[in-house]
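End of the sequence shown = 135 in the working numbering, gap-free, step of one.
Ideal Cβ positions, reconstructed from N, Cα and C, are used throughout, including at glycine.
All figures in this text were calculated on a predicted structure; none of them were measured in a lab.
Below: one structure, written as structure tokens.
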Amino acid sequence: MFDIIKSIFYEFLSEFVPEHLTYEITGECKKCGKCCNYMYSVDTYTEKEFKIMQMIFPSYKRFYIKGKDEFGNLIFACKLVTPEGLCSDYKHRPRMCRKYPAKKINFPGKLHEGCGYTVHIKNFEDYLQNKPQDL
Ligand code: SF4
Ligand code: SF4
1 MFDIIKSIFY EFLSEFVPEH LTYEITGECK KCGKCCNYMY SVDTYTEKEF
51 KIMQMIFPSY KRFYIKGKDE FGNLIFACKL VTPEGLCSDY KHRPRMCRKY
101 PAKKINFPGK LHEGCGYTVH IKNFEDYLQN KPQDL
């Protein structure tokens with residue numbers, strides 16, 4: 001229980017961390033469904049925390065734990081993605097889905113292979129030269 005309070009507290013603190021890099025996202029969704037079938041969480045690290053988060057945020061009930069990666073991180077998937085990779089609840093999809101790929105927390109995480117979006121990191125020199133730097 002203490003861990004989840006700590007996670008929420010750090011999540012809250014992260015709102016006040018000034019961003020040192022700027023991300024630019026280009027491209028568009030190819031509707032492959034990979035991001036709905038394989039995702040990580042920034043605030044849920046254990047099965048117990050996931051159950052608590054589902055109680056606090058009912059929209060989390062659409063997700064389930066699919067497994068763990070080689071480092072032991074939980075991998076989540078959504079129950080509402082169709083076999084064709086489309087969202088069966090598109091109109092009511094959560095904010096995180098609407099904002100994906102979100103600039104603030106998702107990067108420098110990687111997009112799925114073949115994703116239609118590209119993320120460019122821009123530093124001060126890139127702005128001077130007007131040059132995007134791909135992730
Ligand atoms: S992985 Fe990328 S292209 Fe595929 S559904 Fe998600 S956002 Fe769209
Ligand atoms: S709610 Fe829809 S868009 Fe969001 S993860 Fe589930 S299937 Fe994908």
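Item                                                                               : Value
Paired residues, beta bridge with T82 - DSSP                                       : Bridge partners of T82: none, in fact.
Helix, strand or coil at C29 [DSSP, three-state]                                   : coil
Buried versus exposed, by CB contacts within 10 Å (16 or more), T44                : buried
Alpha-carbon to alpha-carbon, F12 and E155                                         : Because the chain here runs from 1 to 135, residue 155 falls outside it and cannot be looked at.
Three or more C-beta pairs below 8 Å linking the region 23-35 and the region 55-73 : no
Where the alpha helix (DSSP H) through F9 begins and ends                          : F2 to S14
Beta-bridge partners of G109, as assigned by DSSP                                  : The partner list for G109 (beta bridge, DSSP) is empty, contrary to what the question assumes.
Assigned secondary structure, M45 (DSSP; H/G/I helix, E/B strand, else coil)       : Correcting the residue identity first, residue 45 is Tyr in this sequence and not Met. Three-state DSSP puts Y45 in coil, outside helix and strand.
P58 beta carbon near ligand 1 (any heavy atom closer than 8 Å)                     : no
Of the listed residues G109, K122, M55 and E28, nearest to R98 (C-alpha basis)     : E28
Residue range of the alpha helix (DSSP H) that includes K99                        : R95 to K99
Where F63 falls: helix, strand or coil (DSSP)                                      : strand
Distance cut-off 8 Å: G116 Cβ against heavy atoms of ligand 2                      : no
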